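Residues are numbered in the numbering used here as their position in the sequence shown, beginning at 1, plus a constant of 1.
Ideal Cβ placement from N, Cα and C applies to all residues, glycine included.
In this text, all values refer to a predicted model and were calculated from it rather than measured experimentally.
Quick notes on the structure that follows.
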Amino acid sequence: SHGTDRGRCLVSQAAYFSQQPQDQVVVSGQSVTLPCVIVGYRGMVQWTKDGLALGGERDLPGWTRYSLMGDPLSGEHSLLIDSAELADDAVYECQATQAGLRSHRAKLTVLVPPTDPVVDGGPVIRVKAHTPYNLTCRASGAKPAAEITWYRDGEVMETAIYSKDGKRELAVSMLPVIPEDKDSGRTYTCRVLNPAAPAGRQTSVTINVQHPPSVTLSVQPQTVMEGAKVLFICSASANPEITGYRWSKGGVPISEANGDSLEVTVDHSYFTDPVSCEVSNSVGSTNVSTLVDVQFGPRLLSEPMPMKVDIGMDAAFTCTWTGNPPLTLAWTKQGSSVVLSNGNTLQLKAVTQEDAGTYTCKAIVPRIGVAERDVTLTVNGPPITTADATQHAVKHSKGKLECLVGSSPPPDKIVWTFGDITLSSGSSGRFSVQTVTSDHGVLSSLVLSETLAQDFQLRYNCTAWNRFGTGTALITLKEQGRILTVSPSSPTKTSPREGGQL
Ligand SMILES: *[C@@H]1O[C@H](CO)[C@@H](O)[C@H](O)[C@H]1NC(C)=O
Ligand SMILES: *[C@@H]1O[C@H](CO)[C@@H](O)[C@H](O)[C@H]1NC(C)=O
Ligand SMILES: *[C@@H]1O[C@H](CO)[C@@H](O)[C@H](O)[C@H]1NC(C)=O
């Protein structure tokens, strides 16, 4: 079309542009002039904006900030745009209509500086410690969209994430931070700039790092005897300020305690049930627990149970103690100082009747105390029949032979056999049987109403039965002098009973 223009130029006697509008850039608010000077032309001159005619008048009614300037007689028709706006951003053309002349199509670019950036949540942003947070800075209205740079205490932060929405001329930059307590009070600055505002604009915020209370719980003194007083001190720091303390012991709230310390008289339970202090603020709460090193003597946790087992079987006793400092445990059998076990459990393999008896489980808390528990083992087995092999009586007096049957289960029967007599109860002639049951077993006595010479010739067989078998004791009767000052009776057996009956 340029060729055609030149053709018309020639036709209208060489009217031509001595100045034409060029592409220009203007910052909004500034004024700009698009030059147009046509030599050799006296007709109508008109500007178009994006192809739309602005009108033929020099003051361009309807376009308040637009006017034509210069002396038209000198061919000057420059377009003055006052206080440019984004709406002025367009392609302009100066036309000498009657000469069919058209200028360059000049692009006017209007640049808009960004407004002051806005940081979400500013000027003081409350953030939670150790929790990721995006500091978000928005720059709007700029053309072209603003570049955004974040600074922390003056130092450029390279980790920001930039995005822009071209249509709305909105730019956003997010700076991910994971605030630490020490970052509280730091200044973050968001600076925005574009070619319209090369010096940039900036907004600063400070962050206030909040955290749930940091708590330490201490006990004074560390180690105490049961019954002593201790002081728990719950020291906490927090931002924002602490709103309350709650105490509990072993999970049970101590409702009367609500300050930063707690004094109590401790017992052994403080050794196993932790005392906890929970401190709260508006951000959260922190719960810290502690045990107390309470020293206490042995306390029985589980009692050993008496046992009855058949001969040849295994038996086991368990007794559990607690104490502080740690206790030592010893199992012994009554009548012996031999330590059978130092564990909680005493194992007895394939028991014999000798194993029957009382066992003691003794706990020793060094320097603090000692305690013990007895437990009995009963062994089911055949009767254990005991008697002095030689027993005494005075001829022609009343006499007595004794036989003790111990063990478990008790005898079903006890039978005396001597000469051709067999007697288990009642009487036969001069002989009668008496049976007494005691803690030691069943005592069977063969009573002779009057002893005769032949009684001292016999062997007396005392045999007991139960479901496990039999037990026998054999006894001979010796004649005792009528006048006696010292009893020669064996010291090992049942003399109290004998004495009582004589
Ligand atoms: C921060 O912004 C990034 C990028 O958009 C996003 O992936 C992340 O989830 C945001 N983090 C938070 C805490 O909002
Ligand atoms: C603190 O923690 C302990 C143990 O986890 C718990 O028993 C107690 O109830 C808690 N205290 C509070 C006040 O929640
Ligand atoms: C003793 O008596 C029992 C039963 O009466 C008998 O079985 C046993 O053999 C006797 N023992 C002796 C040594 O005589």
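In its own chain, which residues sit with a C-beta less than 6 Å from the C-beta of residue i, not counting the 5 before and 5 after it?
| i | result |
| --- | --- |
| Thr204 | Asp117, Pro118, Val120, Cys191 |
| Thr391 | Thr477, Lys479 |
| Glu77 | Val38, Gly71 |
| Arg247 | Glu279 |
| Val371 | Ile365 |
| Ala351 | Gly313 |
| Ser164 | Val173 |
| Pro124 | Val206 |
| Thr217 | Ser236 |
| Pro384 | Val406, Ser408, Pro412, Ala465, Asn467, Gly472 |
Where do the N-terminal and C-terminal ends of the beta strand (DSSP E) with residue i fall, by residue?
| i | result |
| --- | --- |
| Phe297 | 294–303 |
| Pro384 | Element bounds for Pro384: n/a, residue is neither H nor E. |
| Ala85 | No beta strand (DSSP E) contains Ala85, which DSSP labels as neither H nor E. |
| Asp24 | That residue, Asp24, is in no beta strand (DSSP E); it is neither H nor E in DSSP. |
| Ala140 | 134–140 |
| Arg127 | 125–129 |
| Val206 | 202–221 |
| Glu403 | 400–407 |
| Ala317 | 316–319 |
| Asn343 | Taken as a continuous stretch (DSSP letters only), Asn343 belongs to no beta strand (DSSP E), as it is neither H nor E. |
| Glu227 | Where Glu227 is concerned, there is no enclosing beta strand (DSSP E), given that its DSSP letter is neither H nor E. |
| Phe469 | Looking at the DSSP string, Phe469 is not in any beta strand (DSSP E), and its letter there is neither H nor E. |
| Asp311 | 308–311 |
| Cys362 | 358–366 |
| Ala331 | 329–334 |
| Gly417 | Reading off the sequence shown, one finds Trp at residue 417, where the question assumed Gly. Note, Trp417: beta strand (DSSP E), 414–419. |
| Val113 | Unbroken run through Val113: none, as it is neither H nor E. |
| Val38 | 38–40 |
Have a look at the DSSP bridge pairing and note the partners of residue i.
| i | result |
| --- | --- |
| Val157 | Tyr152 |
| His1 | Not covered by the structure: residue 1. The range shown for the chain is 2 to 503. |
| Trp248 | Cys278 |
| Pro254 | Ser249 |
| Lys165 | Ala172 |
| Gln392 | Leu478 |
| Ala54 | Thr49 |
| Tyr93 | Lys50, Ala107 |
| Pro177 | Asn135 |
Return the chain-ordered list of same chain residues with a C-beta closer than 7 Å to the C-beta of residue i, the five sequence neighbours on each side being excluded.
| i | result |
| --- | --- |
| Ala130 | Pro180, Glu181, Asp182, Val210, Gln211, His212 |
| Pro22 | Leu35, Pro36, Cys37, Tyr93, Cys95, Ser104, His105, Ala107 |
| Asp413 | Trp466, Asn467 |
| Arg127 | Asn209, Gln211 |
| Gln20 | Pro36, Cys37, Val38 |
| Asp154 | Arg187, Thr188 |
| Gly4 | In this prediction, Gly4 scores a pLDDT of 42, lower than 50, which makes its location untrustworthy; the coordinate-derived value is nonetheless stated afterwards. Result list for Gly4: empty, nothing under 7 Å. |
| Ala15 | Gly41 |
| Ile422 | Ser429, Phe432 |
| Asp90 | Leu109, Thr110, Val111 |
| Ala198 | Pro114, Pro115 |
Would residue i and residue j be called neighbours here (beta carbons separated by less than 8 Å)?
| i | j | result |
| --- | --- | --- |
| Leu405 | Ala388 | yes |
| Gln92 | Ser29 | Going by the sequence as given, residue 92 is Val instead of Gln. Contact flag unset, no. |
| Thr244 | Ser281 | yes |
| Val434 | Ser450 | no |
| Thr359 | Thr377 | yes |
| Gly442 | Gly407 | yes |
| Leu136 | Val178 | yes |
| Val231 | Val310 | no |
| Thr418 | Asn462 | yes |
| Ala357 | Thr379 | yes |
| Gln47 | Leu109 | no |
| Cys320 | Ser342 | no |
| Arg139 | Leu171 | yes |
| Ala239 | Pro214 | yes |
| Asn195 | Ala161 | no |
| Ser277 | Ser290 | yes |
| Leu80 | Leu69 | yes |
| Gly324 | Gly298 | yes |
Within 8 Å (strictly less), CB to CB, does residue i reach chain C?
| i | result |
| --- | --- |
| Arg431 | Here there is only one protein chain, and chain C is not present. |
Spatial neighbours of residue i within its chain, please: CB distance less than 8 Å, with the 5 preceding and 5 following residues excluded, ordered by chain position.
| i | result |
| --- | --- |
| Pro241 | Gln211, Asn282, Ser283, Val284 |
| Tyr17 | Cys10, Ile39, Val40, Gly41, Leu102 |
Every unbroken beta strand (DSSP E) within the region 267–296, with a cutoff of 3 residues, ordered by chain | 276–281, 286–291
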